[in-house]
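Once you know that position 143 of the sequence shown is 274 in our numbering, the rest is easy, because the numbers rise by one and skip nothing. Below you'll find the structure, written out as structure tokens, and then a few comments.
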Amino acid sequence: MKTISIIGGNKGFNSYLQKILNISEIDCKYFTKYAVKKEQCYDYVIFNSNSNIKDILLNGSYCFVNMDLVNNSKNVNVYGNIITYGLGSKNTVTVSSMKDNNSFVYCLQRDLNYNAFGKLEPAEIPINISFSGEDEIYAAIVAITISLIEGKNLSTLIRRKKLTVLT
């Protein structure tokens, strides 16, 4: 079971993240900012906040940081493989070509090491999935990246007809 610490996620973000990870058949235990233990190392830490969060120290194998929302945070120390995400083109993971709340292009902008033996290479993957608003886009970015890190082929999602890779 994978452990995921979510700092600053709201209800929409959290439920959509869980939905996509369930579709990917990734079994997870979730911790929110109120249940996070500073001394524990999580498999994934997700920092998705636009509020003034202070004095956080987290350890994670992979640490996702939403660069669109971290402006007001102070004294946030996250240790692990940092993966930036958001709508900006300089992030590790972003999206482009969003259309009608039902498709986008998932963009892995640079190499991403995983399992100490492998590397995910930059890729652009057209995705067809219904979403409503930025919270669900952010959750989709993170969930798809976690799925790839966990070795899940996007065909798992396609097979269940919950996600379609466009050609």
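By construction, the Cβ of each residue, glycine as well, lies at the ideal position given by its N, Cα and C atoms.
Beta-bridge partners of residue i, as assigned by DSSP
i           : result
residue 249 : 245
Residue environment, residue i, which counts as buried when at least 16 other CB atoms sit within 10 Å
i           : result
residue 269 : buried
residue 173 : buried
residue 180 : buried
residue 228 : exposed
residue 233 : exposed
Closest Cα partner of residue i within the set the options
i           : options            : result
residue 141 : 228, 171, 200, 230 : 200
residue 195 : 263, 135, 153, 220 : 135
residue 276 : 244, 171, 143      : 244
residue 239 : 253, 230, 217, 152 : 253
residue 249 : 232, 259, 152, 279 : 279
residue 231 : 256, 260, 255, 219 : 260
residue 267 : 219, 132, 143      : 143
residue 284 : 225, 221, 155      : 155
residue 198 : 220, 162, 147, 255 : 220
Residue i, enclosing beta strand (DSSP E) - first and last residue
i           : result
residue 255 : 254-259
residue 177 : 172-178
Residue i: first and last residue of the uninterrupted alpha helix (DSSP H) it sits in
i           : result
residue 277 : 265-280
residue 154 : 142-154
Any non-hydrogen atom of the ligand HEM within 6 Å of residue i CB
i           : result
residue 263 : You won't find the ligand HEM in this model; it holds no ligand whatsoever.
CB contact flag (residue i, residue j, <7 Å)
i          : j           : result
residue 83 : residue 177 : Here the chain comprises residues numbered 132 to 298, so residue 83 is not present and cannot be evaluated.
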